[in-house]
Each structure stands twice: as structure tokens, then as C-alpha cells.
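With the working numbering applied, the sequence shown has no gaps in its numbers, which climb one by one up to 409 at the end. From the three backbone atoms N, C-alpha and C, an ideal C-beta is built for every residue, glycine too. Step one of this worksheet: look at the structure below.
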Amino acid sequence: MLEHRSCPLCQADEAENYLRAPDRFALAEGEAYTLQRCRRCGMIYLNPRPFEADSGRYYQHAEYLPFASVASPRSLMEKLYAALRRVNLQWKKRLITRFRDRGTMLDAGCGTGELLAFMRARGWQVRGLERDAAAAEWGRTHLQLPIQTGSIDAIADTPETYDVITMWHVLEHVYDPGAALRTLARLLKKEGVLIVAVPNIAGVDAKFYQQHWIALDVPRHVNHFSLSSLARCAAQQGFTLRRWQQLPLDAFFNALLSERLQAAHLQSPAWLMPLRLLRAGALALASLLAGSRTPFTSAPAGATLVAVFENVLIHRAAADALSASDAAEEVLQRLHGWTPPGFSAPLVAASRGETLELVPDPELLIYHVNLQTTVALPTKSDPRRIS
Numbered sequence: 023m024l025e026h027r028s029c030p031l032c033q034a035d036e037a038e039n040y041l042r043a044p045d046r047f048a049l050a051e052g053e054a055y056t057l058q059r060c061r062r063c064g065m066i067y068l069n070p071r072p073f074e075a076d077s078g079r080y081y082q083h084a085e086y087l088p089f090a091s092v093a094s095p096r097s098l099m100e101k102l103y104a105a106l107r108r109v110n111l112q113w114k115k116r117l118i119t120r121f122r123d124r125g126t127m128l129d130a131g132c133g134t135g136e137l138l139a140f141m142r143a144r145g146w147q148v149r150g151l152e153r154d155a156a157a158a159e160w161g162r163t164h165l166q167l168p169i170q171t172g173s174i175d176a177i178a179d180t181p182e183t184y185d186v187i188t189m190w191h192v193l194e195h196v197y198d199p200g201a202a203l204r205t206l207a208r209l210l211k212k213e214g215v216l217i218v219a220v221p222n223i224a225g226v227d228a229k230f231y232q233q234h235w236i237a238l239d240v241p242r243h244v245n246h247f248s249l250s251s252l253a254r255c256a257a258q259q260g261f262t263l264r265r266w267q268q269l270p271l272d273a274f275f276n277a278l279l280s281e282r283l284q285a286a287h288l289q290s291p292a293w294l295m296p297l298r299l300l301r302a303g304a305l306a307l308a309s310l311l312a313g314s315r316t317p318f319t320s321a322p323a324g325a326t327l328v329a330v331f332e333n334v335l336i337h338r339a340a341a342d343a344l345s346a347s348d349a350a351e352e353v354l355q356r357l358h359g360w361t362p363p364g365f366s367a368p369l370v371a372a373s374r375g376e377t378l379e380l381v382p383d384p385e386l387l388i389y390h391v392n393l394q395t396t397v398a399l400p401t402k403s404d405p406r407r408i409s
């Protein structure tokens, strides 16, 4: 059974068909799922989609289960994948330690906990969250990791617990991405960062392979982000984009598996596979170039987006504590006329409310304080928190 949904980003119900794609694990069944694009904000999402209560059955496949990462590799593709995973762990560690040398870390959607074990060995205090009960138990038993079983909305940790929270290819699966990010914002410390990796629907490989792009992965992936839609989704929950980049190895991984999916779906003859591998290599290189930061890059078009977020001007927990009108006025006085580092224009603040909670509107570059008090930011903003 499938359910109709509105846009997960702007909640509008004004969508047009984007493309139809098959489930890569059920090609013989011939069923195709529809991706739609919101006419209001441009967000691309699966519609209709399986009911969330039924979604687990679409993950029950040998090539998808979290244990694929710890099983002994047999085929050449599996051995290559295992080697690339080890390289990816090093890459993720370098990215995380670019922002924090040590601290507390939550990996939401951690699978069997490979990254957590890797970071723990380097001095981090780690905790994991995994929806798949068997994978979480494997990490607890074999790696002695503190992994909680469940979804993001079930986390009951104390607010402001973590220095770093990571989500590696998780947000595209989440049925309510805004609510998930809101929960994670509550768990981050005031100086914490959120690192989110998602497939890039605006990437070169996505546009080339279309319905055979491996990262569509219908019906498991229900949200398909570009940098602008990801940044807006995070901004709605109080995050500011600090940096974006790509996962370099994903360019090759996506291209190779997209070629394999296309060949299987079209029943391509085996003798074409060497040519497909050459084409996959060329597409991967093009994707790497398109996803690189250059003076000529207006928006990344690589295979994967990796975005690093911080909280906005005033941390949400601090804002919640300011519930009296005089406190709100005091903070607004501090904001008014303040010029953040790197800005040429000061902030302009006005108050008509009594309590203070920042809810950003990224389209207007305005921060609403309980929807009644507004703090207008200069364009091209890079806001920092008021201490």
C-alpha cells in the first residue's frame, strides 16, 4: 500500500511528475515508482510512497542489509567495496577532526558501527543510533559499542550532549526530515556541528543515468536533495550551512552500480560490460570535477553532497530559556546594529513578541522570534551565534 504526501520541504501539494524508476531489487516485477518535483520550492521526493510502518520490508535484501559491510568479501566487486569502505572511514575521520579534535559524537544511522569503532580508537566518546535491530545488536556484541535501536525521534538523550552528530546517507530515508533535524539540533552542544551526507539529485551522474541512477533507490529513498533544498531543510530547524563538499569515492561507486543496474534492467549483452566500465570511469571523473569547489562552481554537481552545519545566531536551548519580554528585548537590543564578522551591514532587529525562539526563513533571510519578533540579516549571510 502507498500513501500520498505533500512536499516535505514546504508542505505544498503542488507537484509535477519528475520521473519513474524501478526498484533495483525487484526488476523482474516491473513495478515503477514515481518521483515528483514540487512546483513551489523544487524539492524532489517519492510520491506516493510506502506507508512508514510497511517500509521495513523493502530493506530485506542480501545486498542491502547492514551486515554486507562486515561479511567476508567474495566477489571482485565485494572486495573492491570493502577496500573503498576502509578509505572512506579515513576520509570521514579527517572531515570530522577538521572541526573537532576530540569530543562526543553521535552517528545517526550507524549500521553495525564501523565509524564509531574507528573514532573511539582515536579518543572519541561515541554513541550510535540504528533502526535495524540486528545490526545494532551486532555492533553492541562484537564491537562493544553503545548503539541504541530505534529511529531519530526516539532519542532520549540530554539536550546539548554532542560535539558532532553525523548522518551518512540517512536523511534521504527519513519520512519527516524536518522533525529529525529538529531533534538533532536539540542534542547538539552550543559549539557543535552536524554533518549530513546525501545523494545529490542535481549531480552529473543523476542527470545522466536518470531512472537507472543507483542513488534513486526507490522506494527506500523518499527524499532527493540538491544543495539548496538540503540547506533550506536544515535552516528551517535552526542550522546554518558552513561548508559543503563531496564524498570522492561515491562518484565511482555510483557510476559502477548505475551501469550494472542499467545493464540488468535493459538486459544488456555481457560483451558490452567492458564498454560500460569505461563509461562509468569517465562519468565518475566528470562527477568529481563537477562536485569540486572552484571559482566557477555555483552549485555542486557531484555524486554526493556532504554538508557541515552549525546552529544559527542564538542557540535554540538558550533562546528557549529567554521567556520573559524584558529578556527578549534585551537580546534584541544586543542584536540590533551588530555587524557579524565578514559582514558589511549590521543586523536590524524589531520586537513585537514576548518569548524568544529562532525559526529561520531561508528564503527571506529573516529569523523569526516566536513568529512575532524578527531579526533581518544582510544578504549573502554567514551568521554566527551571539555569545
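- It is roughly 37 Å from the alpha-carbon of Thr163 to the alpha-carbon of His234.
- For Leu279 and Ala286, the gap between their C-alpha atoms comes out near 10 Å.
- Annotated as distal: Leu128 and Tyr86, with beta-carbon spacing of 8 Å or more.
- Less than 8 Å divides the Cβ of Ile118 from the Cβ of Ile217.
- Selection Pro199, Ser28, Ile223 and Asp198 evaluated against Leu41 yields Ile223 as nearest (Cα-Cα).
- In the same chain as Pro199, and ignoring 5 residues on each side of it, the C-beta atoms closer than 7 Å to its own belong to Pro30, Leu193, Asn245 and Cys255, in chain order.
- Ranked by how close their Cα comes to the Cα of Leu249, the residues Glu36, Ile66, Leu24 and Ser28 have Ile66 in first place.
- Rounded to whole angstroms, Arg124 and Gly145 show a C-alpha spacing of 7 Å.
- Note on geometry: alpha-carbon atoms of Gln58 and Ala104 lie some 34 Å from one another.
- Shown here for Ala321: same chain residues with a beta carbon closer than 6 Å to its own, the five before and five after excluded, namely Leu249 in chain order.
- Within a 10 Å sphere around the beta-carbon of Asn276 sit 16 or more other beta-carbons, which makes this residue buried.
- Here Gln82 is exposed, its C-beta having fewer than 16 other C-beta atoms within 10 Å.
- Looking at the DSSP output, Gln58 shares a beta bridge with Asn39 and Tyr67.
- Taking 4 residues as the shortest admissible run, the region 153–237 contains the following complete alpha helix (DSSP H) segments, listed from N- to C-terminal end: 155–164, 199–209 and 226–231.
- Ranked by Cα distance from Gly214, the options Ala323, Val330, Arg27 and Ser314 are led by Val330.
- Boundaries of the alpha helix (DSSP H) harbouring Phe275: Pro270 to Leu288, taken from the DSSP string.
- For Gly150, the closest of Ala84, Val186, Arg120 and Arg122 by C-alpha to C-alpha distance is Val186.
- DSSP, reduced to helix, strand and coil, places Glu53 outside both helices and strands of the structure shown, so it counts as coil.
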